[in-house]
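*Asks:* First the structure, which I've put down as structure tokens, then a few questions once you've had a look.
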RNA sequence: GCCGGAGUGGCGAAAUUGGUAUACGCACCAGACUCAAAAUCUGGCGUUCGCAAGGACAUGUCGGUUCGAGUCCGACCUCCGGCACCA
């Protein structure tokens, strides 16, 4: 054993050892209970950044902890290797995307190994390899069979800078999620996956994961699905057979409807106006609204003005029989509900604003429930109350001016009026969702081709399963024109119809890369299966994922798609549960100071505040880098990079190492059994050290369950400090002292393994243990009896302020404590001349003397 | 605007059910070792009054509940994140 701690040497040695012994490979025939620990698979950009390091350090800590506890831990890694950057590199530099990607993977794999992350490398997968994307295509065909994959011409989000289609999730806020360019709308034939069929489940099943996923992720998912309970109501158009269907969550306010407002894109706009003298004006307005919308996103902060135009058409309120005007309004969205709303200015802020601008009547039909008021307000109030209302009253209350419904509560009205509408055939209770179907078509080369063929005779024909995969060609022209590069590859496009064998053309779009990542962790279970995406029986042994770790940037996209995909796989009979991930941890960002400023921002090349993991490893060692990353902040917080912080981590490892070195020889020579009662002598330092050891084990084990990794490291440092304070010379230590030191050091080293595994393995060996720590199932057990304090220091307060402390045994009675407190000299001095009103004794905790 | 989350030393942060606020680390200061520096080790380190013993004040602000509040309640301020006409 070297006297000095040389991380490079130790890390190389153990990495080689792990590699040679295939230390982290797991099998399904292992009798131990399983644990599936998963980190989000990276895009192979070529270089690991500190965010990756943090992600994998957290995951590896969990994996090691569970292994040491005796679990059979599946801890795999792979590559989300389809996607834009490879294609950009091809366009800009003419490189082959496949070569570029493989080189990046090779480099990043090396970096991961230098970090010593305990992956089962035999299960490594990469999305761009045909043996993987074959199954993307297979799933696509299964969806196609069931009508869950369909093609439609639709306005899509188009990124002009990258010449591609984006999903709704990827164009949130009107800008491209990747390059920030403003998104345009285009009409294109696109493939969609029917995630909307699962909208209800995606909300409902949140119940199953509520306590184990971060609230902020669940909130964003709920918002994204946007479930809304309400009702449809049909308003008949006067002098026409047409009806306008509106969606409302407040059918109780329907007697207050003073207009119908429809979206500029509403299909009835043309038809309704056929004979109207206002036709040209209204259509011109509708066009203007559409172009304004296309331009939106440019000005983010400026709320758009509400604008509208009266079409001159009248619609009939089916409840009151009243005729009200139909307007086209820019604030009504075609994408949501029915693209038409009933305008109730008195009880909706937007309608109120609109009504004020265009002087539409504002009619109050809900009154606040007043507790002083004995009787329910009746309809005697005046008709037009616009003057009396400074803004809309959006609360629930009691219905007024609502015909026979007056006097009912809003909540009753909402239910009963929807029923009434259904009975009379002009509406019904309904639930709407904001979520849209998932557009997966990309006009890109570097992705999984859509396995569909177009035949003149047979039309759209799915590629038969036996012909999968539809292989990407080796190369294509990257024109950057916007059309899929595959369209220019004749060998690819031209094929024969699987049905009639006539010449046919392939679909030239590729799939969104989020398809690849929606099911990849099932593939890890059975990664080399050539006959299926995975064997359900094998997947059942590992899934669901017990702990998933990644950034919260995937709170809606990846994490909602993968939930959807799982439910689909369940419906195929491949899995038997609803939710793929039991526990989710979203780690915080890694930031660094931007040079010359006081700002902390995510590390990036453009800001010049990046830190290269390889340099960190070279300078301080992987163990110290990992220890620092886990210690410096709670896992979900932002992590501020600090060079001196990482130096502190090296110092700690060095001290522990030196301590092991000092005791190494003596530990080897002395029996491990506890030969006498000596360390149990209450007052001895040895007893105190044992107590600290067992207290630390209890704390660390508890904190691991909640992933409070930073406080675990603090606790390990405390244990080490106690060990240092136990200043016994190894040469002259008694057998009992050697025993407690061994116990403390062994516990410390074992519990350090999830943070700094190489150093821990090395020290474990020097503590006299043959064979590795790994899979030893030796996570230390806390002995509650040994952890218990024999002597308590009880704070004594006078009127809630700390004035003194007394020592007491844990068994001390309340009476004894009270007496001890009142006998205390300092306390006597404080209460002298005052009347003791009462004495509060909290057993084992504190005494508070209350005086007047 | 709406919905979340958070405000504790110079900094990152600790603190079971309300019960010794500031654990652990970083930075800083002093001392030891050294010709010297680095490294290492030892000690100190919320603010303030005091030679000291000790006291007063401190968890964003103001109030409340309580013997006792970082923790609970009410109002407000600030910061971060998400959504943004969702009927």
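Residue numbers (this note's numbering): 150 to 1001. Idealized CB from N, CA, C, for every residue including glycine.
In chain order, which continuous runs of the beta strand (DSSP E) of length 3 or greater are located wholly inside the region 652 to 739?
*Replies:* If we require 3 residues or more, the beta strand (DSSP E) runs fully inside the region 652 to 739 come out as 652 to 655, 694 to 700 and 730 to 736.
*Asks:* Among 701, 405 and 196, which one has its Cα closest to the Cα of residue 472?
*Replies:* One-based indexing of the first chain puts residue 472 at position 323. Measuring from the Cα of residue 472, the nearest candidate turns out to be 405.
*Asks:* To which residues does DSSP link residue 499 through a beta bridge?
*Replies:* The residue given as residue 499 occupies position 350 in the first chain. In the DSSP output, where bridge partners are listed per residue, residue 499 has none listed.
*Asks:* Residue range of the alpha helix (DSSP H) that residue 771 falls in?
*Replies:* Counting from 1 along the first chain, the entry for residue 771 is found at position 622. Counting along the chain, the alpha helix (DSSP H) containing residue 771 begins and ends at 771 to 780.
*Asks:* Going by DSSP, what residues sit across from residue 391 in a beta bridge?
*Replies:* Counting from one through the first chain, the residue named residue 391 turns up at place 242. For residue 391, which the question treats as bridged, DSSP gives no partner whatsoever.
*Asks:* For the alpha helix (DSSP H) that residue 339 lies in, which residues bound it at each end?
*Replies:* The residue you call residue 339 lines up with position 190 of the first chain. Taken as a continuous stretch (DSSP letters only), residue 339 belongs to no alpha helix (DSSP H), being part of the beta strand (DSSP E) at 333 to 342.
*Asks:* Taking residue 397 and residue 257 to be in contact with their CB atoms under 8 Å, please state how far apart those CB atoms are, rounded to whole angstroms.
*Replies:* On the first chain, residue 397 is found 248 positions in, with the first residue counted as 1. On the first chain, residue 257 is found 108 positions in, with the first residue counted as 1. Rounded, the Cβ-Cβ distance is 53 Å, inconsistent with contact.
*Asks:* Does the distance from the C-beta atom of residue 97 to that of residue 917 stay below 8 Å?
*Replies:* Here the chain covers residues 150 to 1001 and nothing more, so residue 97 does not appear.
*Asks:* Taking the alpha carbon of residue 393 as the point to measure from, which residue in 486, 456 and 372 has its own alpha carbon closest?
*Replies:* Mapped onto the first chain, residue 393 falls at position 244. It is 486.
*Asks:* For residue 960, which residues in the same chain have their Cβ closer than 7 Å to its Cβ, ignoring the five residues on either side in sequence?
*Replies:* Your numbering for residue 960 matches position 811 in the first chain. None.
*Asks:* Go through its chain and collect everything with a Cβ distance to residue 523's Cβ below 6 Å, but skip five positions before and after it.
*Replies:* Taking the first chain and counting its residues from 1, the one referred to as residue 523 is at position 374. For residue 523, the pLDDT reaches just 39, beneath the cut-off of 50, and the residue's location in the model is therefore unreliable, although a value from the coordinates is still provided. Contacts found: none.
*Asks:* Locate the alpha helix (DSSP H) running through residue 564, then write down its first and last residues.
*Replies:* Start at 1 with the first residue of the first chain, and residue 564 comes out as number 415. Unbroken alpha helix (DSSP H) run through residue 564: 559 to 572.
*Asks:* DSSP three-state label for residue 462, please.
*Replies:* Locating residue 462 in the first chain gives position 313, where the first residue counts as 1. Here residue 462 sits in strand by DSSP.
*Asks:* Could you tell me if residue 696 is buried or exposed, where buried requires 16 or more neighbouring beta carbons within 10 angstroms of its beta carbon?
*Replies:* Walking along the first chain from the start, residue 696 turns up at place 547. Classification for residue 696: buried.
*Asks:* Spatial neighbours of residue 272 within its chain, please: C-beta separation below 6 Å, excluding the five flanking residues on both sides.
*Replies:* Counted from its first residue, the first chain places residue 272 at position 123. Within the same chain, residue 272 has close Cβ partners 225, 673 and 676.
*Asks:* Does the region 696 to 708 come into contact with the region 741 to 758, if we say contact requires no fewer than three beta-carbon pairs (one atom in each stretch) closer than 8 Å?
*Replies:* Touching, no.
*Asks:* Over what stretch of residues does the alpha helix (DSSP H) that includes residue 192 continue unbroken?
*Replies:* Position 43 of the first chain, counting from 1, holds the residue named residue 192. Where residue 192 is concerned, there is no enclosing alpha helix (DSSP H), given that its DSSP letter is neither H nor E.
*Asks:* Assuming residue 330 contacts residue 308 (C-beta within less than 8 Å), just tell me the rounded distance between them.
*Replies:* In the first chain, the residue the question calls residue 330 occupies position 181. In the first chain, the residue the question calls residue 308 occupies position 159. Indeed they touch by this definition, with Cβ atoms about 6 Å apart.
*Asks:* Taking just the CA atoms, how far does residue 685 sit from residue 840?
*Replies:* Residue mapping note: residue 840 aligns to position 691 of the first chain, counting from 1. Residue mapping note: residue 685 aligns to position 536 of the first chain, counting from 1. Cα to Cα, the separation comes out at about 48 Å.
*Asks:* Please report the residue range of the beta strand (DSSP E) in which residue 489 lies.
*Replies:* On the first chain, residue 489 is found 340 positions in, with the first residue counted as 1. Element bounds for residue 489: 489 to 492.
*Asks:* Do you know offhand how far residue 570's Cα is from residue 489's?
*Replies:* Reading the first chain from its first residue, position 421 is the one you call residue 570. Reading the first chain from its first residue, position 340 is the one you call residue 489. The alpha-carbon atoms of residue 570 and residue 489 are separated by roughly 17 Å.
*Asks:* Let me check understanding here. Comparing Cα to Cα, which of 774, 745 and 700 lies closest to residue 363?
*Replies:* Position 214 of the first chain, counting from 1, holds the residue named residue 363. It is 700.
*Asks:* Report the partner residues of residue 384 according to the DSSP bridge assignment.
*Replies:* Translated into the one-based positions of the first chain, residue 384 becomes position 235. In the DSSP output, where bridge partners are listed per residue, residue 384 has 393.
*Asks:* Quick one, which of 598, 758, 742 and 933 has its alpha-carbon nearest residue 279's?
*Replies:* Against the first chain, residue 279 aligns to sequence position 130. Considering only alpha carbons, the answer is 598.
*Asks:* To the nearest angstrom, report how far apart residue 999 and residue 956 are at their CA atoms.
*Replies:* Working through the first chain from its first residue, we reach residue 999 at position 850. Working through the first chain from its first residue, we reach residue 956 at position 807. Cα to Cα, the separation comes out at about 21 Å.
*Asks:* Could you spell out where the alpha helix (DSSP H) holding residue 307 opens and where it closes?
*Replies:* Within the first chain, the letter at position 158 stands for residue 307. Looking at the DSSP string, residue 307 is not in any alpha helix (DSSP H); the run it does join, the beta strand (DSSP E), is 298 to 308.
*Asks:* Residue 910 and residue 163 - do their beta-carbons sit closer together than 8 Å?
*Replies:* Taking the first chain and counting its residues from 1, the one referred to as residue 163 is at position 14. Taking the first chain and counting its residues from 1, the one referred to as residue 910 is at position 761. Yes; because the gap between Cβ atoms is below 8 Å, this pair is in contact.
*Asks:* Please classify residue 141: does DSSP put it in a helix, a strand, or coil?
*Replies:* With the chain running from 150 to 1001 in the structure shown, residue 141 is simply not present.
*Asks:* Any idea what DSSP makes of residue 801, helix, strand or coil?
*Replies:* By one-based count along the first chain, residue 801 stands at place 652. Three-state result, residue 801: helix.
*Asks:* If you draw a straight line from the alpha carbon of residue 509 to that of residue 480, how long is it in whole angstroms?
*Replies:* Start at 1 with the first residue of the first chain, and residue 509 comes out as number 360. Start at 1 with the first residue of the first chain, and residue 480 comes out as number 331. Cα to Cα, the separation comes out at about 16 Å.
*Asks:* How many angstroms separate the CA atom of residue 460 from the CA atom of residue 733?
*Replies:* On the first chain, position 311 is the one that residue 460 refers to. On the first chain, position 584 is the one that residue 733 refers to. Spanning the two alpha carbons is a distance of roughly 52 Å.
*Asks:* Considering only residues of the same chain and omitting the five flanking positions on each side of residue 623, which have a CB-CB separation below 8 Å?
*Replies:* The residue labelled residue 623 in the question sits at position 474 within the first chain. Excluding sequence neighbours, residue 623 sits near 245 and 247.
*Asks:* According to the neighbour-count rule (16 or more other Cβ atoms, all chains shown, within 10 Å of its Cβ), is residue 650 buried or exposed?
*Replies:* The residue labelled residue 650 in the question sits at position 501 within the first chain. By the neighbour-count rule (16 or more Cβ atoms within 10 Å), residue 650 is not buried but exposed.
*Asks:* So which of 468, 902 and 344 has the shortest CA-CA distance to residue 401?
*Replies:* As a working note, residue 401 is residue 252 in the first chain. Closest option to residue 401, Cα to Cα, is 468.
*Asks:* May I ask which residues mark the beginning and end of the beta strand (DSSP E) holding residue 581?
*Replies:* Counting from one through the first chain, the residue named residue 581 turns up at place 432. From DSSP, the beta strand (DSSP E) with residue 581 extends over 576 to 581.
*Asks:* Is it right to say residue 419 is buried, meaning 16 or more other beta carbons lie within 10 angstroms of its own, or is it exposed?
*Replies:* Locating residue 419 in the first chain gives position 270, where the first residue counts as 1. Flag for residue 419 reads exposed.
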